[in-house]
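Asks:
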Amino acid sequence: MTQGLMAALQTFARSAPERMALSSKDGAVSYAELLQRSRALAGVLRAEGIAPGDRVVLVLDNSVEFVVGYLATQVLGAIAVPWNPMSPCAALEGVFRDCTPAAALIEPRHADWLPALAQASAAFRSVGVTRGTDTHRAAGVSTWTWADRMAVSPMAEPCDHGRTDDVAAIIYTSGTTGTPKGVMLSQRNLEAIAAAGTQMLGLASEDRVGIVAPLFHLYALREVDAALRLGAAVLLPPGGVFLTSQLGFLKSAQATGLSAVPSVLAIMAEKYPAGLAALAGDLRYLTIGTAPATRALVARLRDLLPQTRIVLTYGLTECSRVCYREIVGPEDDSLGVHIGRPYPGVELELLNPSDGVGRIAVRSPMVMRGYWNRPEATAAVLQSDGTLLTPDCGWLSEQGELHLLGRLDDVINCGGHKVSPDEVEAALVSHPGVAQVAVTPLADPEGLLGQVVRAVVVPRDPALTSADLLQHAARRLEAYKVPRVIEFVEEIPSSVLGKPQRSALRRDAAPRA
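Going from the sequence shown to this note's numbering is simple: count from 1 and add 141.
So this is what it looks like as structure tokens:
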């Protein structure tokens, strides 16, 4: 049985103060220390005028600081808004305009963004930089470093979360329109998400849960949240591309659980199989989420981790845990189509079925409260009884297991990141040498990322090259959104309304230099 996050932290800080809560390259953090740090940071935010319901954007790396920052918002009753720390400033400005945060917690490298962010949100008045003393500033925004203020500010008492429908977090996702939408998750949602995961995996306080996925993504954040509610330990391997260091860290920490994305696991299995296999003695379970896993990857993981429970998960930001499939034997061609059984507390329904195939609808206490500041978008997917209309279609077996046939929209899934074709098209068509562009998914030729971005371009300037467009895109988009393939054509198939017919373009293409 899970409990409220703040209640859990206080319980374990009292009953087992030295128990490890977090472990990173910087060492271990006990439950008592984690609660103390979180209350101290919350005290600084409160002194800065941050109140319950205010939005606090977290632009932080996978680190102890991220977890402390997230927990500090929960101490206050504020709303955590995690954001990709690798995204460009322009993308973050859009988030600031949408959710109008009062504060942000950032890394030193983001400090020169402050003037632009201050322009984007009139409510923005306080920013805490994780470390350093010499930083950029913006008029009207109080700028401070964590250590300096946490050492002298009174600690905040945890907020009473009796009103469990209060919004606890806003997680941004890119939907069918391509415009990021803020998914509002309540305290009740987060508790239900934790309970479902705990029940499915059989999590216990003795577990040591490794996270090899970005914490700004709900897939990773939910695992941290669930572990801390149980008194388990969260393992945060060193970031970056040095996967051998991550595997060595997980081995030394004796990880009993691991949550990872397929693209990272594919690289580990291909390039560092011995390091992955070394986890087998302790690793009780491995969950794979955010994107489908290939048959080849699952087979390789079974070879390397024969005693480990391997679970494929399916969910959306709007309902984090929908279905799961435990891999118990050799896989067939249904892998990636056969999603599995619903999580505890999830009811599935197929709407408007044709030959047994319909739009997947979900009822669960994990379903979001709605999209922030977007009532029309909320009404389009959330029915009056709380049923969520997903963007996917599929069918149910006689055993009640879900088979996913595809998305109803055109969102590209690149290594677990959702990429909007509209967003990429807007960036490319802003180049003066482009007349028209359409973006579609392409199977990753290397087999690691699932899909990559392909752009089909009608040039306005005949001298335009792929290199020109790639440079242009790299200045405006996150790296995974930059097209891997650019194809130049004379005409793009369009509807009567002038919209590109992406379905007509879904075929392999070779880039032109």
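By construction, the Cβ of each residue, glycine as well, lies at the ideal position given by its N, Cα and C atoms.
What is the C-beta distance between Met509 and Asn330, in whole angstroms, given that I count them as a contact (C-beta under 8 Å)?
Replies: Here residue 509 refers to the residue found at position 368 of the sequence shown. Here residue 330 refers to the residue found at position 189 of the sequence shown. Yes, Met509 and Asn330 are in contact; Cβ-Cβ is about 7 Å, under 8 Å.
Asks: Please name the residue or residues paired with Leu326 in a DSSP beta bridge.
Replies: Residue numbering aside, residue 326 sits at position 185 when the sequence shown is read from its first letter. Partner(s): Ala310.
Asks: What span of residues does the beta strand (DSSP E) with Gln540 cover, start to end?
Replies: Along the sequence shown, one-based indexing puts residue 540 at 399. Counting along the chain, Gln540 falls outside any beta strand (DSSP E), and DSSP gives it neither H nor E.
Asks: By how many angstroms is the C-alpha of Ser525 removed from the C-alpha of Arg441?
Replies: Here residue 441 corresponds to residue number 300 of the sequence shown, with the count starting at 1. Here residue 525 corresponds to residue number 384 of the sequence shown, with the count starting at 1. As the crow flies, the alpha-carbon of Arg441 is around 45 Å from that of Ser525.
Asks: Could you spell out the range, first to last residue, of the alpha helix (DSSP H) harbouring Ile553?
Replies: As a first step, residue 553 must be located in the sequence shown, where it is residue number 412. Here Ile553 belongs to no alpha helix (DSSP H); instead the beta strand (DSSP E) covers Ile553 to Cys555.
Asks: Which stretch, first to last residue, makes up the beta strand (DSSP E) that contains Leu182?
Replies: What you label residue 182 is simply residue 41 of the sequence shown in a count that begins at 1. Not the beta strand (DSSP E): Leu182 falls in the alpha helix (DSSP H), residues Tyr172 to Ala188.
Asks: Just mark Val637 as buried or exposed, buried being the case when its beta carbon has 16 or more other beta carbons within 10 Å.
Replies: Taking the first residue of the sequence shown as position 1, residue 637 is located at position 496. Note on Val637: pLDDT 36, under 50, position unreliable in the model; no value is reported.
Asks: Let's see if you can read the secondary structure: which residues bound the beta strand (DSSP E) around Glu490?
Replies: One-based indexing of the sequence shown puts residue 490 at position 349. Element bounds for Glu490: Glu488 to Ser495.
Asks: Between the Cα of Phe629 and the Cα atoms of Ala518, Tyr484 and Leu610, which residue gives the shortest distance?
Replies: As a working mapping, residue 629 is identified with position 488 in the sequence shown. For the residues Ala518, Tyr484 and Leu610, the minimum Cα distance to Phe629 belongs to Leu610.
Asks: Looking at the unbroken beta strand (DSSP E) that takes in Val626, where does it start and where does it end?
Replies: In the sequence shown, the residue the question calls residue 626 occupies position 485. Here the beta strand (DSSP E) through Val626 covers Val626 to Phe629.
Asks: If we count the other Cβ atoms within 10 Å of its Cβ and call it buried at 16 or more, is Glu298 buried or exposed?
Replies: For the purposes of this step, residue 298 is identified with residue 157 of the sequence shown, where counting begins at 1. So Glu298 ends up on the exposed side.
Asks: Terminal residues of the continuous alpha helix (DSSP H) containing Ala292?
Replies: For the purposes of this step, residue 292 is taken as residue 151 along the sequence shown, with counting starting at 1. Careful: Ala292 lies outside any alpha helix (DSSP H) and carries neither H nor E.
Asks: Have a look at Pro532 and Met227 and give me their C-alpha separation to the nearest angstrom.
Replies: As a first step, residue 532 must be located in the sequence shown, where it is residue number 391. As a first step, residue 227 must be located in the sequence shown, where it is residue number 86. So the alpha carbons of these two residues sit roughly 27 Å apart.
Asks: Would you kindly report the start and end of the unbroken beta strand (DSSP E) that includes Tyr465?
Replies: Position 324 of the sequence shown, counted from the start, is the residue given in the question as residue 465. Residues Cys460 to Ile468.
Asks: Assuming Ala410 and Leu445 make a contact with CB atoms under 8 Å, what is their CB distance in whole Å?
Replies: Position 269 of the sequence shown holds residue 410. Position 304 of the sequence shown holds residue 445. So it is a contact: roughly 6 Å between Cβ atoms.
Asks: Would the beta-carbon of Leu537 fall within 8 Å of that of Leu489?
Replies: Taking the sequence shown and counting its residues from 1, the one referred to as residue 537 is at position 396. Taking the sequence shown and counting its residues from 1, the one referred to as residue 489 is at position 348. Taking a C-beta distance under 8 Å as the contact criterion, Leu537 and Leu489 qualify as a contact pair.
Asks: Candidates Met161, Ser561 and Ala337: which alpha carbon is nearest Arg349's?
Replies: Here residue 349 refers to the residue found at position 208 of the sequence shown. Nearest C-alpha to Arg349: Met161.
Asks: In the DSSP assignment, find the alpha helix (DSSP H) that holds Met161 and state where it starts and stops.
Replies: Start at 1 with the first residue of the sequence shown, and residue 161 comes out as number 20. Premise fails: Met161 lies in the beta strand (DSSP E), Met161 to Ser165, not in any alpha helix (DSSP H).
Asks: Looking only at C-alpha atoms, which of Arg425, Gly541 and Lys412 sits nearest to Leu399?
Replies: Working through the sequence shown from its first residue, we reach residue 399 at position 258. Minimum Cα distance to Leu399 is reached at Arg425.
Asks: Buried or exposed for Asp253, please, with buried defined as at least 16 other CB atoms from any protein chain shown within 10 angstroms of its CB.
Replies: The count along the sequence shown starts at 1 and reaches residue 253 at position 112. It is exposed - the Cβ of Asp253 has fewer than 16 other Cβ atoms within 10 Å.
Asks: Restricting to runs no shorter than 3 residues, where is the beta strand (DSSP E) found entirely within the region 393-473?
Replies: DSSP runs (the beta strand (DSSP E)) wholly in the region 393-473: 398-401, 426-429, 450-457 and 460-468.
Asks: What residues in its chain sit with their C-beta under 8 Å from that of Gly486, if we drop five residues either side in the sequence?
Replies: Numbered from its first residue, the sequence shown carries residue 486 at position 345. Cβ neighbours of Gly486 beyond the five flanking positions: Ala333, Ala336, Ala337, Ser505, Pro506 and Met507.
Asks: Measure the Cβ-Cβ separation of Leu371 and Thr339 and say whether it is below 8 Å.
Replies: Against the sequence shown, residue 371 aligns to sequence position 230. Against the sequence shown, residue 339 aligns to sequence position 198. Contact flag set, yes.
Asks: Any beta-carbon of chain D closer than 8 Å to the one on Ala415?
Replies: Note that chain D does not occur in the displayed structure, where there is just one protein chain.
Asks: Who are the near neighbours of Leu217 in its chain, counting only those whose CB is closer than 7 Å to its CB and skipping five residues on each side?
Replies: As a working mapping, residue 217 is identified with position 76 in the sequence shown. The residues are Ala183, Leu186, Arg187, Ile191, Pro193, Ala297 and Cys300.
Asks: Could you check which residue in Gly557, Val402 and Thr581 has the C-alpha nearest to that of Asp563?
Replies: Here residue 563 refers to the residue found at position 422 when the sequence shown is read from its first residue. It is Thr581 whose Cα lies nearest to the Cα of Asp563.
Asks: What does the alpha-carbon distance come out to for the pair Pro447 and Ala288?
Replies: Taking the sequence shown and counting its residues from 1, the one referred to as residue 447 is at position 306. Taking the sequence shown and counting its residues from 1, the one referred to as residue 288 is at position 147. Looking at the two C-alpha atoms, the distance is approximately 45 Å.
Asks: Among Ala614, Ala259 and Val197, which one has its Cα closest to the Cα of Arg278?
Replies: As a first step, residue 278 is located in the sequence shown; it is residue number 137 there, counting from the start. Nearest of Ala614, Ala259 and Val197 to Arg278, Cα basis: Ala259.
Asks: Straight-line CA distance for Ala181 to Pro295?
Replies: Along the sequence shown, read from residue 1 onward, the residue named residue 181 stands at position 40. Along the sequence shown, read from residue 1 onward, the residue named residue 295 stands at position 154. So the alpha carbons of these two residues sit roughly 7 Å apart.
Asks: Can you grab the Cα-Cα spacing for the pair Ser267 / Ala219, in whole Å?
Replies: Start at 1 with the first residue of the sequence shown, and residue 267 comes out as number 126. Start at 1 with the first residue of the sequence shown, and residue 219 comes out as number 78. Cα-Cα distance, rounded: 14 Å.
Asks: Should Gly269 be labelled buried (16 or more other beta-carbon atoms within 10 Å of its own) or exposed?
Replies: Taking the first residue of the sequence shown as 1, we reach residue 269 at position 128. That one is buried.
Asks: Could you pull out every residue in the same chain whose Cβ sits closer than 8 Å to the Cβ of Arg500, ignoring the five residues on either side in sequence?
Replies: Taking the sequence shown and counting its residues from 1, the one referred to as residue 500 is at position 359. If we look at Arg500 and ignore the five residues flanking it on each side, its Cβ neighbours are Leu491, Leu492, Asn493, Leu530, Thr531, Asp533, Cys534 and Leu549.
Asks: So Leu590 and Cys555 are in contact, right, with Cβ under 8 Å, and what is the actual spacing, rounded?
Replies: Residue 590 sits at position 449 when you count from the first residue of the sequence shown. Residue 555 sits at position 414 when you count from the first residue of the sequence shown. The Cβ separation is near 5 Å, so the contact holds.
Asks: Grab the span of the beta strand (DSSP E) containing His613 for me, first residue to last.
Replies: For the purposes of this step, residue 613 is taken as the residue at position 472 of the sequence shown. Following the DSSP letters along the chain, one finds His613 in no beta strand (DSSP E) but inside the alpha helix (DSSP H) bounded by residues Ser607 to Ala615.
Asks: Please confirm whether Pro242 and Val222 have their CB atoms less than 8 Å apart.
Replies: Looking up residue 242 in the sequence shown gives position 101. Looking up residue 222 in the sequence shown gives position 81. Yes, Cβ-Cβ distance for Pro242 and Val222 is below 8 Å.
Asks: Can you say whether Pro414 is buried or exposed, counting buried as having 16 or more other CB atoms within 10 angstroms of its CB?
Replies: What you label residue 414 is simply residue 273 of the sequence shown in a count that begins at 1. Burial call: exposed.
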